[in-house]
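J.:
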Amino acid sequence: MRYKHIAAGLTAASLLTLLVTGTADAKSRRCGPTYEQDGHGSLGTSFTLKSKHDDDGPGGSFVVGEEFEIHTNIAGQLWTITFADNGKVFFTGDDVSTTTGIREQHATANQPGVTQHMTADALNHATGETIHGFVDVLPVPACGG
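Counted the way this note's numbering counts, the sequence shown spans residues -5 to 139.
1) Please work out which residues of its chain come closer than 6 Å, Cβ to Cβ, to residue 40, disregarding the five sequence neighbours upstream and downstream, and give them in chain order.
2) Only counting the same chain, and skipping five residues up and downstream in sequence, which positions put a Cβ closer than 6 Å to that of residue 56?
3) Below 7 Å between beta carbons: does that hold for residue 131 and residue 102?
4) When you compare each of 115, 38, 86, 45 to residue 27 by their alpha carbons, which one comes out closest?
5) When DSSP labels each residue in this structure, what does residue 59 get in the three-state scheme?
6) Kindly indicate which three-state DSSP category residue 38 falls into: helix, strand or coil?
7) Does DSSP put residue 135 in a helix, in a strand, or in coil?
8) Going by the DSSP bridge assignment, what does residue 30 pair with across the sheet?
Below you can see the structure in the form of structure tokens.
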């Protein structure tokens, strides 16, 4: 009976440690605000572009992540998407839309002390619609900026 109480105590302590360290870790990863732009493409399709500093690059290195969503409910359309940082392309790829849209997420290297002009461009091959989104991500000293 005593062993059951010890085991229960150890389990509770382990869970509490996991909860506390998980919360602290999530807070310590915060590297400044998320910059966001909501807009519409040339034919009215809405989009959201988000970008922020983060410390989840290789080996815990600082990066600037970019997330781009195209809010289309038409499945089967081919879109070419390009991400750039201060004009330098770091991702290009083709996506086929689903009824829930398109979502791409990629990171690029942090540039300390520099405002990073992040862009996302998309071309719908079926309709010719174009989308151009951009946000300026300011340097964050606590995150290598």
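Cβ coordinates follow ideal geometry from the N, Cα and C atoms, glycine included.
T.: So, from the data block:
1) The residues 34, 65, in chain order, have a CB closer than 6 Å to that of residue 40 in the same chain once the five nearest residues on each side in sequence are set aside.
2) Closer than 6 Å at Cβ, skipping near neighbours: 49, 104, 137, 138.
3) Not closer than 7 Å, so no.
4) Closest option to residue 27, Cα to Cα, is 45.
5) Assigned with DSSP and collapsed to three states, residue 59 falls in strand.
6) If DSSP states are grouped into helix, strand and coil, residue 38 belongs with coil.
7) Looking at residue 135 - three-state DSSP - the assignment turns out to be helix.
8) According to DSSP, which records beta bridges pairwise, residue 30 is partnered with 44.
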